[in-house]
Amino acid sequence: MAFRRSGGGTNNVMKRFASFSTFLLILIFLSASTVFAQVQTRVRVIQASNAGSTIDPSLRDVHDQLGSLFSFTSYRLLKDETVSLSPNRPVAIPTHPGTALEIELIRKQKDVAEFKVKIKREKAEILNTQVRLSPGRTVVIGGPKHGEGTIILAITARF
Amino acid sequence: MKHPCSSVSELVEKYLDQEVTDQEKVLVETHLFDCSSCRDAMKSMEELSTVMKVPLYEIAREEDFDRVWLKVKREIRSEEKHSWWEVFRSWFGFATLHQKRVWIPTVAAALVLILVTVPLLLKKSPSLPVEFGVEYVESKTNNVMVYEVEESKVTVIWLFEGPEAEPTTS
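Protein chains in written order, with the numbering used here: chain A, 1 to 159; chain B, 1001 to 1170.
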């Protein structure tokens, strides 16, 4: 049985089609702008210490980069997490008991992205910084004690 | 042969409503021609019928049957089960999409959207310095030091928790 349209004719179809198309275009635009503004950010939580001489194979790059600065003999990966950051939407990542990293993408341009990074311990802010990263480059934040070692956060942006 | 009044009187009502066959019609008319009492009875029925029909016709004329019919059609349609695709096709009237003018509002909407969004996209925001670096750093609880390692292109932000926690720099 044919399903007949109730009244209205071409004008009604035009109105419906226009409103649906507009809605669809806005949706596409918003989705595209959200996707293009996103930055994949890798956060590695490392425990560095002088107890032992184990260097996690996935931390060779960090060891090579920091070897000239610090004389830690052991680098152990506690957490490796990649998050998609959108502008002005902070993401909190627990790093070790009682401490969390809060990272927020401020803005992104072709070759550089700016981040606000906070470290909070028991809700008290122990670090507040704003850094610029280009693709593939790393900012390392270290210092907080954890067990026998020191916590190092390696933050790398990919876009 | 003359028919008895009782048999004809049953047909008179049908005759008035023009529901008799040709044969019955001849029978009734022949009888009425000869029988004055049946003629009177029919005349009375005719008058009664007229009295009853006139107000009904007036009511019927005043009634908006188009509206009633629309309601009936809507009810029928609401009882019909359609697949989502049929509903979708019906909503958009795909049959009319080949008509150029259907696309006019869509194209107009797209143009408006482009005209609104393109200037926003092209609007120059203050450009960030391309070089890598620390914009600012602050800590209320710790001393902080920033190292720039040019050869490995790494920036290190170090929080000093106390003299014993300081990293051993080489």
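Just so it is clear, CB atoms sit at the ideal spot from N, CA and C, and this is done for glycine as well.
is_contact[A/F29, chain B] using C-beta, thresh 8 Å: The residue given as residue 29 of chain A occupies position 29 in the first sequence. It does: the Cβ of A/F29 has a partner Cβ on chain B nearer than 8 Å.
Alpha-carbon to alpha-carbon, B/W1103 and A/T95: Start at 1 with the first residue of the first sequence, and residue 95 of chain A comes out as number 95. Start at 1 with the first residue of the second sequence, and residue 1103 of chain B comes out as number 103. For A/T95 and B/W1103, the distance between alpha carbons rounds to 54 Å.
Three-way DSSP call (helix, strand, coil) for A/A51 in this model: In the first sequence, residue 51 of chain A corresponds to position 51, counting from 1. Coil at A/A51, not helix or strand.
Status (buried if at least 16 other CB within 10 Å, exposed otherwise) for B/Q1023: As a working note, residue 1023 of chain B is residue 23 in the second sequence. Under this definition B/Q1023 is an exposed residue.
At least three beta-carbon pairs within less than 8 Å, the segment 54-66 of chain A to the segment 1012-1023 of chain B: no
Chain A within 8 Å of B/F1160, Cβ atoms only: Here residue 1160 of chain B corresponds to residue number 160 of the second sequence, with the count starting at 1. So, interface residue.
Within chain A, the residues that B/A1110 reaches when beta carbons sit closer than 9 Å: In the second sequence, the residue the question calls residue 1110 of chain B occupies position 110. Neighbours of B/A1110 on chain A, chain order: S21, T22 and L25.
In DSSP terms, what B/G1133 is bridged to: For this step, residue 1133 of chain B is matched to residue 133 along the second sequence. A/R132.
Interfacial residues, the segment 126-153 of chain A to chain B, with Cβ spacing under 8 Å: I126, L127, N128, T129, Q130, V131, R132, L133, S134, R137, T138, V139, V140, I141, G142, G143, P144, K145 and T150
Candidates B/V1112, B/F1160, B/E1013 and B/V1134, of which the one nearest B/L1048 by Cα: Along the second sequence, read from residue 1 onward, the residue named residue 1048 of chain B stands at position 48. Closest by alpha carbon: B/E1013.
B/P1004, buried or exposed, once every other Cβ within 10 Å from all chains shown has been counted against 16: For the purposes of this step, residue 1004 of chain B is taken as residue 4 along the second sequence, with counting starting at 1. B/P1004 is exposed by the Cβ-count criterion.
Alpha-carbon to alpha-carbon, A/A37 and A/K110: In the first sequence, counting from the first residue as 1, residue 110 of chain A sits at position 110. In the first sequence, counting from the first residue as 1, residue 37 of chain A sits at position 37. Distance between the alpha carbons of A/K110 and A/A37 is about 10 Å.
Selection from A/I151, A/E104 and A/K123 that minimises the alpha carbon distance to A/T129: Your numbering for residue 129 of chain A matches position 129 in the first sequence. Comparing Cα positions, the closest option is A/E104.
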